[in-house]
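In my numbering, the protein residues as written are 103 to 518.
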């Protein structure tokens, strides 16, 4: 696997890799600036490639978390595309150099930043390529100046290399349909960002509170722009229930955030988030509709709430709203409308017993066990025929791939 993240905090990569390892596959992940001393889960091995750029040496301080003067903010906005192109291009070259010396029979490239390197490794070894795009790359939020020519080159490169892949995986039906419409790809499969179900006798079997009425609301995800956190802050002044937002933060954004009556906390491990959600009784699953990627996204906050057994108050936008309506697991509010969020919270409190029952009914359908079966079925089709008879599971088709060439523009936004 190739992924231009630290791996240590990338829940999707770790869940997929661990699922494949538990099924008997050997999995090595080449990541980006993996923290020194971090131990991967059992069954996985990890190596690290740095991300220096022409603007910053490996380990150098980023401007992303600082208060900047107006002229420095403007300079960052202008130069950020070149910095990211340089950094991710160098990472891809390093990942390719690392991978050349390893034994493997499948290359699994996570997101566009790893696609060209993954395609080149697959071509060099004559093995299948799996392209796992965690978002709709061309529709994601941008923090920098417009780059129409670079965007066009990226679209063409993504189309060409993904066509040569054996399979494309993505995180929800909305993105899968958008990829089919835009590129005409017929080999797209959906493996959602779900969580393993909490079952009696499992490692997560500790009982969670089951409230008869909610006592608070918790947002658990990245604290940054385009996540409706400003709307949550405004709504906190309109409702009686206490609200907590928690997660890794964009410090530049957080420095200008007026939380209102919201309590702001740092990130916690997934199991502790389960408890905090269950103790509050309601989850906030919020998303901007300013970018196409947000309208298509299925944030893992939704599946985390289901795993914790709690209903949600969610933004009425795109794929998120469609899923909440389909399963009846929460209430919806108009994006950007604090008063309507207050109304949705009141409705969730009034309908709480029925919403909890709906969450319980949806738990099996919206759990990792369903998505793991898709992933394992896909991988069984990649195995040589003599191995398939030994294992047993079943979707895609054969392959060919191409070159590392284009530098890549930006990392994925926080997947939560």
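C-beta atoms are modelled at their ideal positions from N, C-alpha and C, and glycine is treated no differently.
Looking only at its chain, what residues have a beta carbon closer than 6 Å to the beta carbon of residue i, apart from the 5 residues adjacent to it on each side?
i: residue 337; result: 440, 443 and 444
i: residue 277; result: 238 and 398
i: residue 129; result: 119, 122, 123 and 146
i: residue 285; result: 261
i: residue 404; result: 387
i: residue 264; result: 233 and 270
i: residue 424; result: none
i: residue 355; result: 326 and 327
i: residue 469; result: 296 and 299
i: residue 396; result: 389 and 390
State the beta-bridge partners of residue i as determined by DSSP.
i: residue 435; result: 417
i: residue 367; result: 348
i: residue 234; result: 212 and 271
i: residue 321; result: 347
i: residue 291; result: 271
i: residue 113; result: Residue 113 pairs with nothing; no bridge assigned.
i: residue 386; result: 415
i: residue 130; result: 147
i: residue 104; result: 132 and 211
Among residues of its own chain, excluding the 5 on either side of residue i, which ones have a beta-carbon nearer than 7 Å to its beta-carbon?
i: residue 360; result: 335
i: residue 108; result: 133, 134, 135, 136 and 137
i: residue 410; result: 310, 376, 379 and 380
i: residue 339; result: 362 and 363
i: residue 110; result: 136, 137 and 140
When you compare only the Cα positions, how much space is there between residue i and residue j?
i: residue 484; j: residue 230; result: 7 Å
i: residue 368; j: residue 378; result: 13 Å
i: residue 449; j: residue 112; result: 34 Å
i: residue 219; j: residue 260; result: 12 Å
i: residue 376; j: residue 233; result: 31 Å
i: residue 394; j: residue 298; result: 28 Å
i: residue 407; j: residue 471; result: 16 Å
i: residue 216; j: residue 194; result: 6 Å
i: residue 366; j: residue 227; result: 49 Å
i: residue 371; j: residue 139; result: 18 Å
i: residue 481; j: residue 208; result: 9 Å
i: residue 428; j: residue 473; result: 18 Å
i: residue 319; j: residue 205; result: 48 Å
i: residue 254; j: residue 203; result: 33 Å
i: residue 464; j: residue 288; result: 29 Å
i: residue 345; j: residue 141; result: 34 Å
i: residue 459; j: residue 131; result: 39 Å
i: residue 384; j: residue 455; result: 12 Å
i: residue 106; j: residue 362; result: 35 Å
i: residue 426; j: residue 343; result: 22 Å
i: residue 453; j: residue 314; result: 11 Å
i: residue 329; j: residue 466; result: 27 Å
i: residue 332; j: residue 127; result: 44 Å
i: residue 357; j: residue 312; result: 36 Å
i: residue 279; j: residue 373; result: 32 Å
i: residue 213; j: residue 447; result: 35 Å
i: residue 258; j: residue 225; result: 19 Å
i: residue 240; j: residue 283; result: 13 Å
i: residue 162; j: residue 251; result: With a pLDDT of 49 at residue 162, under the threshold of 50, the modelled position of this residue cannot be trusted; read the value that follows with caution. So the alpha carbons of these two residues sit roughly 29 Å apart.
Given a cut-off of 8 Å on the beta-carbon distance, is the pair residue i and residue j in contact?
i: residue 200; j: residue 151; result: yes
i: residue 256; j: residue 221; result: no
i: residue 143; j: residue 116; result: yes
i: residue 462; j: residue 412; result: no
i: residue 281; j: residue 268; result: no
i: residue 347; j: residue 364; result: yes
i: residue 415; j: residue 435; result: yes
i: residue 382; j: residue 316; result: yes
i: residue 125; j: residue 478; result: yes
i: residue 322; j: residue 349; result: yes
i: residue 274; j: residue 400; result: yes
Beta carbon of residue i: closer than 7 Å to some heavy atom of the ligand GTP?
i: residue 458; result: The ligand GTP is absent from the structure shown, which contains no ligand whatsoever.
Excluding sequence positions up to five away, which residues of its chain have a Cβ less than 8 Å from the Cβ of residue i?
i: residue 476; result: 291, 292, 293 and 497
i: residue 198; result: 219, 222, 223 and 506
i: residue 457; result: 413, 430, 431, 432, 433 and 450
For chain B, check one thing: does any of its Cβ atoms lie closer than 8 Å to the Cβ of residue i?
i: residue 137; result: The structure shown contains no chain B; it is built from a single protein chain.
| Below 8 Å, can you find three or more Cβ-Cβ pairs linking the region 388-395 to the region 411-429? | Short answer: they touch.
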